[in-house]
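A.B. asks: If you scroll down you'll find the structure; I have some questions about it.
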Amino acid sequence: EKQQESIGTQIVRKIDSARKQIYISPNGKDSNSGTKEMPFATIQRAQQEVKKLKEKGMPAGGIVVYLRGGRYFLQEGLLFGKDDSGTETAPVVYRSYPGEQVRFIGGKQITNFTPLTDEAILKRLPEEARGKVWVADLKQAGITDYGQFVNRGGDGKGALSALELFFNGKVMQIARWPNEGYARTGAVSSPDGEARGRGKYMFGKFHYSGDRPERWFEEKDVWLHGFWYFVYSKDHVKLQSIDVNKKMISVMPDTRWHPTSPRYKVTIGQNVPYYAYNLLCELDTPEEWYLDRDDGKLYFYPPSDPRKSEIIVSTLVTPLITMDNASNIVISGLTMEVTRSNAMEIKNGRNNLITSSAFRNTGQWGVVIKGGWEHKVVGCDIYDVGEGGVSLDFERNTSLLIPCRKELIPARHLVENNHIYRFNRFDGGYREGVSIDGIGQRVSHNLINESPMMGIYFNANDHIIEFNELHDVSYEGREGGALYCYGEPWYLMSRGTVIRNNFFHHISTRSSPNLTHGLNGIHIDAMNAGLV
Numbered sequence: 001e002k003q004q005e006s007i008g009t010q011i012v013r014k015i016d017s018a019r020k021q022i023y024i025s026p027n028g029k030d031s032n033s034g035t036k037e038m039p040f041a042t043i044q045r046a047q048q049e050v051k052k053l054k055e056k057g058m059p060a061g062g063i064v065v066y067l068r069g070g071r072y073f074l075q076e077g078l079l080f081g082k083d084d085s086g087t088e089t090a091p092v093v094y095r096s097y098p099g100e101q102v103r104f105i106g107g108k109q110i111t112n113f114t115p116l117t118d119e120a121i122l123k124r125l126p127e128e129a130r131g132k133v134w135v136a137d138l139k140q141a142g143i144t145d146y147g148q149f150v151n152r153g154g155d156g157k158g159a160l161s162a163l164e165l166f167f168n169g170k171v172m173q174i175a176r177w178p179n180e181g182y183a184r185t186g187a188v189s190s191p192d193g194e195a196r197g198r199g200k201y202m203f204g205k206f207h208y209s210g211d212r213p214e215r216w217f218e219e220k221d222v223w224l225h226g227f228w229y230f231v232y233s234k235d236h237v238k239l240q241s242i243d244v245n246k247k248m249i250s251v252m253p254d255t256r257w258h259p260t261s262p263r264y265k266v267t268i269g270q271n272v273p274y275y276a277y278n279l280l281c282e283l284d285t286p287e288e289w290y291l292d293r294d295d296g297k298l299y300f301y302p303p304s305d306p307r308k309s310e311i312i313v314s315t316l317v318t319p320l321i322t323m324d325n326a327s328n329i330v331i332s333g334l335t336m337e338v339t340r341s342n343a344m345e346i347k348n349g350r351n352n353l354i355t356s357s358a359f360r361n362t363g364q365w366g367v368v369i370k371g372g373w374e375h376k377v378v379g380c381d382i383y384d385v386g387e388g389g390v391s392l393d394f395e396r397n398t399s400l401l402i403p404c405r406k407e408l409i410p411a412r413h414l415v416e417n418n419h420i421y422r423f424n425r426f427d428g429g430y431r432e433g434v435s436i437d438g439i440g441q442r443v444s445h446n447l448i449n450e451s452p453m454m455g456i457y458f459n460a461n462d463h464i465i466e467f468n469e470l471h472d473v474s475y476e477g478r479e480g481g482a483l484y485c486y487g488e489p490w491y492l493m494s495r496g497t498v499i500r501n502n503f504f505h506h507i508s509t510r511s512s513p514n515l516t517h518g519l520n521g522i523h524i525d526a527m528n529a530g531l532v
């Protein structure tokens with residue numbers, strides 16, 4: 001309790017200590033003076049003013065930049081560098097004005113939706129959707145970069161998402177089949193191999209049942225998402241062809257892997273859960289949408305009248321905020337949303353604090369911390385993110401300037417009192433609520449829930465994971481746990497971590513579409529020792 005009170009008191013003091021005030025408003029002008037009565041319009045202008053003030057000597061207690069309520073649409077990400085830093089006793093604080101909601105949005109609002117009347121398109125839609133679908137011309141709205149669907153998921157590297165659609169703050173579903181749950185692959189007729197505990201498999205193809213895929217021949221760019229072989233790895237692969245005589249679907253190679261790897265060929269077992277997406281002909285239920293990348297037409301089955309709603313597509317391909325070698329900056333009370341990348345990245349630097357903020361509707365992570373010392377994410381809501389919540393990483397070199405595993409120098413990052421939920425929308429592998437790497441991190445008092453895969457991953461040394469509540473995580477994946485450690489390639493070296501006083505509940509295989517392997521609250525995989 002004392003430790004909790006100390007951290008809370010420290011945060012409040014840091015936020016409220018600044019004597020010098022600068023103001024920004026969506027209705028302001030960068031030619032203004034930056035006062036409450038004459039606010040600036042942009043963060044960039046406020047950054048210039050902060051640097052001018054610092055040249056005269058840092059004001060006592062630091063500088064606070066108040067953002068008045070409203071929407072700030074960003075065409076490019078914000079960058080904070082070393083010159084934007086505060087000091088330990090005089091931070092630079094960017095915060096919402098009390099009682100007002102501030103939204104940083106890396107997208108563009110679409111207002112040119114009209115009811116669909118094109119007969120050729122209407123004929124391709126399911127009968128139940130005709131008369132209910134609207135269309136918008138994204139090129140007419142000035143949007144021509146839609147991104148691309150790519151191989152992603154499992155334990156491969158993450159990727160920028162393609163353009164997504166958000167309706168009144170909620171992420172919408174790319175048209176898919178089936179609308180919910182999964183279809184299943186058929187029997188393995190001519191196996192290319194067999195693995196212990198997982199049965200026979202074929203490379204890059206599988207039998208399907210029924211005739212639903214035979215509706216997809218006019219579709220241009222169909223993707224499939226499934227637990228193709230591993231019960232802990234759900235991957236995205238592109239459809240190559242459909243053989244209606246053999247009732248066989250073939251998929252393109254997974255180009256993230258070397259051509260000599262079985263993962264490149266895509267190993268597909270029997271009775272494997274999968275679904276197909278990016279199908280105009282399957283746009284048949286509210287909240288589904290489809291984008292024709294050739295002509296820029298966006299087709300949408302809205303849950304309510306689009307003329308009375310906020311409809312935004314993600315356009316930003318960078319984080320909303322990047323801190324690079326910046327220190328002693330506070331971000332408080334902001335909502336950061338809608339980017340194809342991470343909402344926020346912190347690279348190196350020291351003692352930055354992210355608090356009382358919301359991160360949502362991203363294509364990748366909420367907050368990524370890589371390198372540096374004593375950064376803190378405290379009291380935030382992180383949800384509806386394409387990959388994970390908070391990633392604590394480290395620079396892999398032997399320099400003593402950066403926390404490194406060989407020297408066992410603790411970075412002491414802190415992730416505390418956050419609610420992280422509905423994460424890992426895309427990948428279905430190692431994209432956790434909190435991913436812990438490096439040395440000496442503390443993850444405590446977080447509520448982590450609703451993910452198809454793991455809740456917390458840890459690696460390396462000397463972390464403290466305590467007083468967290470995890471439930472309804474790994475509700476699809478198996479052969480893992482709500483809290484998971486692997487440790488490759490430093491086997492037997494992930495030592496010194498203490499796991500204590502955590503509450504695990506509703507960790508179950510009952511909702512999993514996979515049919516084999518178990519699931520644990522805490523799963524120590526591979527070869528590890530020296531844990532408490």
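Going by this note's numbering, the sequence shown opens with residue 1, and the numbers climb by one from there.
Just so you know, even glycine gets a beta-carbon here, dropped at the ideal spot from N, CA and C.
1) So, does the stretch 365-374 touch the stretch 111-125, judging by three or more C-beta pairs under 8 Å?
2) Using the Cα positions of N417 and H471, report the straight-line distance between them to the nearest angstrom.
3) From what residue to what residue does the alpha helix (DSSP H) around Y23 run?
4) Taking the C-alpha atoms as reference points, what is the distance between I242 and G153?
5) Are at least three pairs of beta-carbons, each pair with one atom in the stretch 102-113 and one in the stretch 71-79, less than 8 Å apart?
6) Can the beta-carbon of I464 be found closer than 8 Å to that of V498?
7) What does C485 pair with, by DSSP beta-bridge criteria?
8) Among V244, R263, N245, K247, which has the Cα closest to the Cα of P253?
9) Just checking Y274 against the ligand SAM - is the residue's beta carbon closer than 7 Å to any of the ligand's heavy atoms?
10) Starting from K52, trace the beta strand (DSSP E) in both directions and tell me its first and last residue.
11) Judging by CA-CA distance, which residue of T335, R360, N325, D211 is the nearest neighbour of N352?
12) Can you tell which of I420, N361, W373, S356 has its C-alpha closest to the C-alpha of Q382?
13) Which residues bound the alpha helix (DSSP H) around E100?
14) Taking just the CA atoms, how far does C404 sit from Q441?
15) Look at V266 and F203 and say whether their C-beta atoms are less than 8 Å apart.
16) Which ranges would you report for the alpha helix (DSSP H) in the stretch 78-139 if only whole runs of at least 4 residues count?
17) Using a Cβ-Cβ cut-off of 8 Å (strictly less than) and excluding sequence neighbours within five positions of K308, which residues of its own chain qualify?
18) Which class does R198 belong to by DSSP, given the choice of helix, strand or coil?
19) As an exercise, report each continuous beta strand (DSSP E) stretch of at least 3 residues that is fully enclosed by the stretch 223-267, in chain order.
20) With a cut-off of 8 Å, do at least 3 Cβ pairs link the stretch 53-67 to the stretch 296-308?
21) Check L401 in the structure and name its three-state DSSP category.
22) Count Cβ pairs between the stretch 330-345 and the stretch 354-363 that sit closer than 8 Å; are there 3 or more?
23) Can you give me the Cβ contacts of Q173 inside the same chain, cut-off strictly under 6 Å, excluding the 5 residues immediately before and after it?
24) Leaving out five residues on either side along the sequence, give the residues of the same chain with a beta carbon under 7 Å from the beta carbon of H137.
25) What would DSSP say about K376, mapped onto helix, strand or coil?
26) Taking one C-beta from the stretch 272-283 and one from the stretch 209-226 each time, how about it: are there three or more such pairs within less than 8 Å?
27) Which residues bound the beta strand (DSSP E) around M344?
28) Determine the burial state of E345: buried for a count of at least 16 other Cβ atoms within 10 Å of its Cβ, exposed for fewer.
29) For K29, which three-state DSSP category applies?
30) How big is the Cα-Cα spacing for S314 and E76?
31) Would you kindly work out how many angstroms separate the C-alpha atoms of G481 and P59, rounded to a whole number?
32) Of all the options G521, S511, G496, D16, which has the alpha carbon lying nearest to the alpha carbon of F534?
33) Roughly how many angstroms separate the alpha carbons of I312 and K157, rounded to a whole number?
34) DSSP state of R500, grouped into three classes?
35) Who are the near neighbours of G379 in its chain, counting only those whose CB is closer than 6 Å to its CB and skipping five residues on each side?
36) Is T89 buried or exposed, if buried means 16 or more other CB atoms sit within 10 Å of its CB?
C.D. replies: Looking at the atomic coordinates:
1) Touching, no, given that fewer than three Cβ pairs across the two stretches are closer than 8 Å.
2) Spanning the alpha carbons of N417 and H471 requires a straight line of approximately 16 Å.
3) Note, Y23: premise wrong, no alpha helix (DSSP H); beta strand (DSSP E) at 20-24.
4) Distance between the alpha carbons of I242 and G153 is about 23 Å.
5) Under the three-pair Cβ rule at 8 Å, the stretch 102-113 counts as touching the stretch 71-79.
6) Yes, the Cβ-Cβ distance between I464 and V498 is below 8 Å.
7) For C485, DSSP records a beta bridge to F458, I524.
8) When only C-alpha atoms are compared, the closest one is R263.
9) The ligand SAM is not part of the structure shown, which contains no ligands of any sort.
10) For K52, there is no enclosing beta strand (DSSP E); the enclosing alpha helix (DSSP H) has its first and last residue at 43-55.
11) Checking every option, the nearest Cα to that of N352 belongs to N325.
12) Residue identity differs from the one stated: residue 382 is Ile in this sequence, not Gln. Just measuring C-alpha positions, the residue of I420, N361, W373, S356 sitting nearest I382 is I420.
13) Taken as a continuous stretch (DSSP letters only), E100 belongs to no alpha helix (DSSP H), as it is neither H nor E.
14) Within the model, the alpha-carbon separation for Q441 versus C404 is close to 12 Å.
15) Yes, Cβ-Cβ distance for V266 and F203 is below 8 Å.
16) Runs found: 119-124.
17) Contacts found: none.
18) DSSP, reduced to helix, strand and coil, places R198 outside both helices and strands of the structure shown, so it counts as coil.
19) DSSP runs (the beta strand (DSSP E)) wholly in the stretch 223-267: 223-226, 235-243, 248-251.
20) They do not touch, by the three-pair rule.
21) In this prediction, L401 scores a pLDDT of 49, lower than 50, which makes its location untrustworthy; no coordinate-derived value is stated.
22) Taking a cut-off of 8 Å on C-beta distances, the stretch 330-345 touches the stretch 354-363, as three or more cross pairs fall below it.
23) Around Q173: E287, E288.
24) For clarity, residue 137 is Asp in the given sequence; the question names His instead. Non-local beta-carbon contacts of D137 in its own chain, meaning distances under 7 Å to residues more than five positions away in sequence, involve N112, G296, K297 in chain order.
25) Shown here, K376 sits in a strand according to DSSP, grouped into three states.
26) Under the Cβ criterion (8 Å, minimum of three pairs), the stretch 272-283 counts as touching the stretch 209-226.
27) First-last of the beta strand (DSSP E) with M344: 344-347.
28) Counting of Cβ neighbours within 10 angstroms places E345 among the buried residues, the total reaching 16 or more.
29) In the structure shown, K29 adopts coil according to DSSP, grouped into three states.
30) CA-CA distance, S314 to E76, rounds to 12 Å.
31) The alpha-carbon atoms of G481 and P59 are separated by roughly 49 Å.
32) It is not possible to answer for residue 534, since the shown part of the chain is limited to 1 through 532.
33) I312 and K157 have their alpha carbons spaced roughly 27 Å apart.
34) Residue state, collapsed to three classes: strand.
35) Excluding sequence neighbours, G379 sits near T355, S356, N417.
36) Answer is exposed; the Cβ neighbour count stays below 16.
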